[in-house]
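K.L.:
In our numbering, the protein residues as written are 66 to 330.
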Amino acid sequence: MKRSLRIALLLSGVAPLPALAHVDYTGQDFGTFTGSTTASSTLANRTVDGHYGWADAADADWGDSHKGRFLSFTLENAASVTVSVQSNTLTPNPQGGVLLPGFSLYEGLAAYLAHDYSEPAFAWRDAQPTPENPLAATEGYWNALGSFQTANDAGETSFLTFIGYAVDGTFANFGHASTFPGIVSDGVADGFVSQTFSLDAGTYSLVVGGATYAGAGTSAGNRAYGFSATLDVAPVPEPETWAMLLAGLGLVGTIARRRSSADRN
C-alpha cells in the first residue's frame with residue numbers, strides 16, 4: 066500500500082501535502098545563546114497539526130513529521146537548557162482545544178522543506194525495519210525516541226541526533242506499556258511539560274507534537290492545536306565552582322556536627 070502510494074505520487078508529481086507543511090524553521094527559531102549568561106526565549110502561539118503526532122512517532126513504526134512543529138536554537142557554549150511547552154487555545158479561531166504536549170530534542174537541523182514522502186526519505190525509511198513488520202516502511206521518518214534522517218525533494222539530507230524527550234500525562238493518553246515500553250512521563254495530563262538538558266555547543270531541533278495516541282484518524286485529532294514553548298538557558302558551573310561548593314557544604318556539615326557534639330556535652 067505504502068509503495069503503491071509512493072509510485073503514484075512520483076509519477077503524478079503531486080506532493081501529498083502542501084509544501085508549507087514541510088519542515089521550515091523560518092519564524093520558528095528561539096535564537097542564539099552564548100551559554101555563559103542566563104537567558105530566556107519564548108515562541109508564543111505556535112500551532113501543530115493534530116494532537117497525536119508525538120505519541121504516534123514514539124511507537125514502533127514512527128510517525129509523520131507533518132504532525133510535529135520543528136523549532137530550533139543554537140548554543141555557542143555548553144549550557145543547562147530547560148525546555149517548557151504549554152498548551153494554549155488558538156485565538157480568535159479555536160479549533161482543537163487543550164494539547165497534551167510531547168517533545169523530542171535533537172542535535173542538528175532538518176533539511177529545508179524536508180518531508181517524509183521525498184524519494185530519499187522513502188529510500189531511508191525502507192531501509193529501517195520495524196519490530197512489528199521487518200519488511201514494511203515506517204509511517205514517516207519522525208522517530209520521537211531516537212535519531213533519524215530527513216530529506217527534501219532536491220535530494221538534500223540531514224541527520225538529527227536524538228538527545229532526549231519529555232511527555233505530558235500518563236499511559237492513559239499516550240498509549241500503553243506494551244506499545245511504549247520504558248517511556249517516563251510527567252504523570253499529570255495538564256497541558257504542560259518541562260525538562261532540563263545539559264547540552265554542548267551546537268545547533269538543536271526541538272520537535273513538538275501531541276501526546277493523545279487515540280486521536281489518530283479522528284476529526285478532533287487532526288485539527289490545529291496551539292502551544293507556547295519557552296527556553297531557559299543557564300551557564301554550566303565550572304569544575305572549580307563545584308569544588309568550592311562541595312568544600313563549603315563539607316565545612317558547614319563539620320561545623321554543625323561540632324555544635325551538636327558540644328551541645329550534648
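Think of the CB as a built atom: it goes at the ideal place given N, C-alpha and C, for glycine as much as any other residue. Just so we're clear, the structure is a prediction, and the values are computed from it rather than from any experiment.
Please name the residue in S263, D114 and Q151 whose C-alpha comes closest to that of P300.
P.N.:
For P300, the nearest C-alpha among the options comes from S263.
K.L.:
Enumerate, from N- to C-terminal direction, the unbroken beta strand (DSSP E) stretches of 3 or more residues contained entirely within the segment 206-259.
P.N.:
Qualifying beta strand (DSSP E) stretches, in chain order: 213-216 and 222-232.
K.L.:
May I have the straight-line CA-CA distance separating V298 from R111, to the nearest angstrom?
P.N.:
The straight-line gap from Cα to Cα measures roughly 20 Å.
K.L.:
My assumption, with CB atoms under 8 Å, is that G256 sits in contact with L165. Please give the rounded CB distance.
P.N.:
Indeed, because the Cβ distance is near 6 Å, the residues count as touching under 8 Å.
K.L.:
Using DSSP with H/G/I as helix, E/B as strand and the rest coil, what is E184?
P.N.:
In this structure, E184 counts as helix in the three-state DSSP scheme.
K.L.:
What's the C-alpha gap between L225 and G162?
P.N.:
So the two alpha carbons sit approximately 30 Å from each other.
K.L.:
Please report the distance separating the alpha-carbon of T139 from that of L271.
P.N.:
The alpha-carbon atoms of T139 and L271 are separated by roughly 11 Å.
K.L.:
Can you give me the C-alpha to C-alpha distance between G286 and A179, rounded to a whole angstrom?
P.N.:
Between G286 and A179, the C-alpha separation is close to 23 Å.
K.L.:
Going by the C-beta, is G92 closer than 7 Å to any heavy atom of the ligand MN?
P.N.:
Looking at this structure, you won't find the ligand MN or any other ligand, since it has none at all.
K.L.:
Is it right to say S284 is buried, meaning 16 or more other beta carbons lie within 10 angstroms of its own, or is it exposed?
P.N.:
It is exposed - the Cβ of S284 has fewer than 16 other Cβ atoms within 10 Å.
K.L.:
Can the beta-carbon of N217 be found closer than 8 Å to that of A276?
P.N.:
It is not a contact, given that the beta carbons lie outside the stated cut-off.
K.L.:
What residue does the beta strand (DSSP E) around D297 start on, and which one ends it?
P.N.:
A289 to P300 is the extent of the beta strand (DSSP E) around D297.
K.L.:
Just to confirm, are S169 and A104 a CB contact at a threshold of 8 Å?
P.N.:
Contact flag unset, no.
K.L.:
How many Å lie between S250 and H241 at the Cα?
P.N.:
C-alpha separation (whole angstroms): 12 Å.
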